[in-house]
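Chain order of the listed sequences is P and D.
With the UniProt record's numbering applied, the first sequence has no gaps in its numbers, which climb one by one up to 324 at the end.
With the UniProt record's numbering applied, the second sequence has no gaps in its numbers, which climb one by one up to 324 at the end.
Ideal placement from N, C-alpha and C gives every residue a C-beta, glycine not left out.
Take a look at the structure set out below.
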Amino acid sequence: MSTSDNILAPASRIHLSQDVVQVLYRLLAAGLLCIALALLTESFLNLNNLLNVLRQASLLFFLASGLTLVILTGGLDLSVGANIGISACLAATAIKATGSPALGVLVGLGVGSLVGFFNGLMVTKLRIPSFIATYGMLWVLHGVTYYYMAGETIHGFPPGFRQIGSGYFLGVPIPVYLMVTFLAVGMFFAQRTNWGQQIYAIGANPVAARLSGIPVNVRLILVYTVSGAMAGIASIVFLARLNSAEGDIGEAMTLPAIAAVLIGGTSLFGGVGTVFGTFVGALILTLVLNGMNLLAVNANWQPLVTGVIVVLAVWLDMYGRRRT
Amino acid sequence: MTYLKTLALSLPAAMLATAALADGETIAVFTKNHTNPFFQTIRVGADAAAKALNAKTIHYIPTKPDSIPEQLSQIEDVVVKKPSAIVFVPVDYKAMVPGVEKINDANIPVVNTTDRSAGGKFLAFIGADDYSLGLETARYMLKAMGGKGNVVIIEGVKGSLTNVDRVRGFNEAIKEFKEVKLLASQPANYQRLQALQVMENLMQSHQKIDGVLAANDAMAIGAIEALDGANRKALIVGINGTKEAVDAIKTGKLLASGDYNGFLQGCIGTMVAIRALRKEAIVTEVVLKPTVIDKTNYQPYDTALETRSCPKWDEAAAMATKTN
Chain P
1 MSTSDNILAP ASRIHLSQDV VQVLYRLLAA GLLCIALALL TESFLNLNNL LNVLRQASLL
61 FFLASGLTLV ILTGGLDLSV GANIGISACL AATAIKATGS PALGVLVGLG VGSLVGFFNG
121 LMVTKLRIPS FIATYGMLWV LHGVTYYYMA GETIHGFPPG FRQIGSGYFL GVPIPVYLMV
181 TFLAVGMFFA QRTNWGQQIY AIGANPVAAR LSGIPVNVRL ILVYTVSGAM AGIASIVFLA
241 RLNSAEGDIG EAMTLPAIAA VLIGGTSLFG GVGTVFGTFV GALILTLVLN GMNLLAVNAN
301 WQPLVTGVIV VLAVWLDMYG RRRT
Chain D
1 MTYLKTLALS LPAAMLATAA LADGETIAVF TKNHTNPFFQ TIRVGADAAA KALNAKTIHY
61 IPTKPDSIPE QLSQIEDVVV KKPSAIVFVP VDYKAMVPGV EKINDANIPV VNTTDRSAGG
121 KFLAFIGADD YSLGLETARY MLKAMGGKGN VVIIEGVKGS LTNVDRVRGF NEAIKEFKEV
181 KLLASQPANY QRLQALQVME NLMQSHQKID GVLAANDAMA IGAIEALDGA NRKALIVGIN
241 GTKEAVDAIK TGKLLASGDY NGFLQGCIGT MVAIRALRKE AIVTEVVLKP TVIDKTNYQP
301 YDTALETRSC PKWDEAAAMA TKTN
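Written out as structure tokens, the structure reads:
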């Protein structure tokens, strides 16, 4: 352990205890939501539906978990949805051309990571604010993907590959295992490793972090690459679950993923938040939609309810922070 | 240098050569986005018509799907470039009226296709109507259900014109069958994944779903994946007649898809524009009848778009609902 880590350790512990309180609030909110849904509908509390909710939350979580690290550094990655699009379309092409699911997984993961890596380079080497760099990347990816796909879809993948998205093991959907794995890895990385703690430090005060000897650029490039890689993972599970790829496949997921991170208590200003909080955030967003479908809420009200919950969650968070 | 000189000398000659053919008009084709396969069929139809008549097309497509400001600025560009005529699908039938007026002020002849513009002067309207498309597709499915059973509607983007009209058509058809019960009408924003998840949620609270009316093909296929995943069966219809839908109809997974003939719209719209430029007789309105594509009539839709050819003018004119 270097000296810089020793200096950082106490500060990050304080963050952690604050974060624990924040996460408890989130769990409480999710719990209340569950109780309400269990009282209002007969179908909410059966095992099938709960597994269903977890599987639906998993896709959102893959994206949001990578984004959490980026937002912890005080940055933002707006390209994750478009990244799913290009990763999925190229992975689909690879599977179609060779029939090899393994190659598809490799391509999806590789393309996703590469996009993230370039985002990292733009943010660190070219010093472009992440919001702009990744927004630019979004358009580049859309342009390439739309041109490549020309409005068509690629569909029909081998059953073995489809297991990743629609298969079960011991009665539990495969994506749920993946989610639990990434949740554990993410929590361990962020909370228990020096690198993870350095990411919090960069978000809390980048200048201090640089002065205390943290290789800020290397960490930032890593963080954007991880965010891209998670988009790659999401693209593979997407493909396997949907059995088809189209140019705008992940487009509608960028904002919900950001919302999941914020609802989970991670601050847009960096330095504060947890991967577990993001998991709860993804769960809350998924529960809301599940609940509205189970209750057959009039379609006109659904966007409104979702919007109100996002704003409410973030407002409660800021209110809570002012008090602590 | 010499190269440049030759180029400079040969350019006017080349221009004279095209002018000498007495055709070679340039038709600017405006569509809504790169992502919806329907607009690709319009573009290919327009290209086929132009090619057959010795004219050229230039395509204008907003990089951000359905972007009003972007289509407006594309109109401003085009007014400067002065194409011979314009084939125009407004991204929004009301908001683009000022754009159409700019085209009118520049005296460029313009044909309106797909969505009927709320204002401006056009040579003709070539389109279909979403209401009858929804109505006919739903009628087809409800008849196939034997006129009884439980159905759900999966809606597109709330408030979009296409969705409002299609869903109105669905509901009208349901009213015609007294023994059909509508269990829920939930939005999935024309997105495959959202439709899959909405369907998974609906299956939790409804043990018996006999039919699914989806407002586009991508959502219909999402619903199929959800039903397959739960080992359940239902009749499903979508809208748009995409390649993917045709494949699903062939394998018996999808009952039918309503199509309003984007290829024909592109063909006829472009033919009208070119004929008007050549002072030939035109028609002023074609509202195409919806086609319900099922396993008895999918063959013409199972061919690559590029190999399809436009109808002869007599055939096209025979479809007219208004003539000069």
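| Check | Outcome |
| --- | --- |
| 7 Å Cβ cutoff, D:Ile278 in contact with chain P | Note on identity: in this sequence residue 278 of chain D is Arg, with Ile being the wrong assignment. By this cut-off, D:Arg278 is not an interface position. |
| Segment limits, beta strand (DSSP E) that includes P:Glu251 | Taken as a continuous stretch (DSSP letters only), P:Glu251 belongs to no beta strand (DSSP E), as it is neither H nor E. |
| Contact belief for P:Ala184 with P:Ala64 at Cβ below 8 Å, rounded distance in angstroms | That belief does not hold up - the Cβ atoms of P:Ala184 and P:Ala64 are roughly 16 Å apart, past 8 Å. |
| Residue span of the beta strand (DSSP E) that contains D:Gln186, given as start and end | Glu179 to Pro187 |
| Length of the line joining the Cα atoms of P:Thr181 and P:Ile249 | 24 Å |
| Sufficient close CB pairs (3 or more, under 8 Å) joining the region 159-173 of chain D to the region 128-141 of chain D | yes |
| Among P:Val288, P:Phe61 and P:Leu255, nearest to P:Tyr177 - alpha-carbon criterion | P:Phe61 |
| Min CB distance D:Pro37 to chain P below 7 Å | yes |
| Whether P:Ile86 touches P:Thr145 by CB criterion (7 Å) | yes |
| Nonlocal neighbours in the same chain, by C-beta distance under 8 Å from D:Leu183, ignoring five residues either side | Asn150, Val151, Val152, Leu202, His206 and Ile209 |
| Chain-ordered neighbours of P:Phe238 on chain D, where CB pairs are closer than 8 Å | Leu193 |
| Residues bridged to P:Glu246 [DSSP beta-bridge criterion] | P:Thr153 |
| CB contact check: P:Asn83 to chain D, cutoff 7 Å | no |
| Supposed close pair D:Val89, D:Ile42 - CB separation, criterion 8 Å | 7 Å |
| Contacts of D:Leu213 in chain P (Cβ-Cβ under 8 Å) | Result: empty, since nearest Cβ-Cβ is about 13 Å, beyond 8 Å. |
| Presumed contact (8 Å Cβ cut-off) between D:Ile86 and D:Ile108, rounded CB distance | 6 Å |
| For D:Thr35, the three-state DSSP class (helix, strand or coil) | coil |
| Residue-level contact to chain P via CB, D:Lys322, 7 Å cutoff | no |
| Residues near D:Gly222 by beta carbon distance below 6 Å, same chain, minus five either side | Arg192, Ala195 and Leu196 |
| At least 3 beta-carbon pairs within less than 8 Å: the region 135-149 of chain D vs the region 174-189 of chain D | yes |
| The alpha helix (DSSP H) enclosing P:Asn48, as first and last residue numbers | Leu47 to Leu72 |
| Proximal residues of chain D, C-beta to C-beta of P:Ser244 below 8 Å | Arg192, Ile221 and Glu244 |
| Opening and closing residue of the alpha helix (DSSP H) in which P:Ala282 lies | Val275 to Leu294 |
| CB-CB length for D:Ala124 against D:Phe170, believed under 8 Å | That belief does not hold up - the Cβ atoms of D:Ala124 and D:Phe170 are roughly 29 Å apart, past 8 Å. |
| Any C-beta of chain P under 7 Å from that of D:His59 | no |
| Extent of the continuous beta strand (DSSP E) run through D:Asp129 | Run containing D:Asp129: none; DSSP gives neither H nor E here. |
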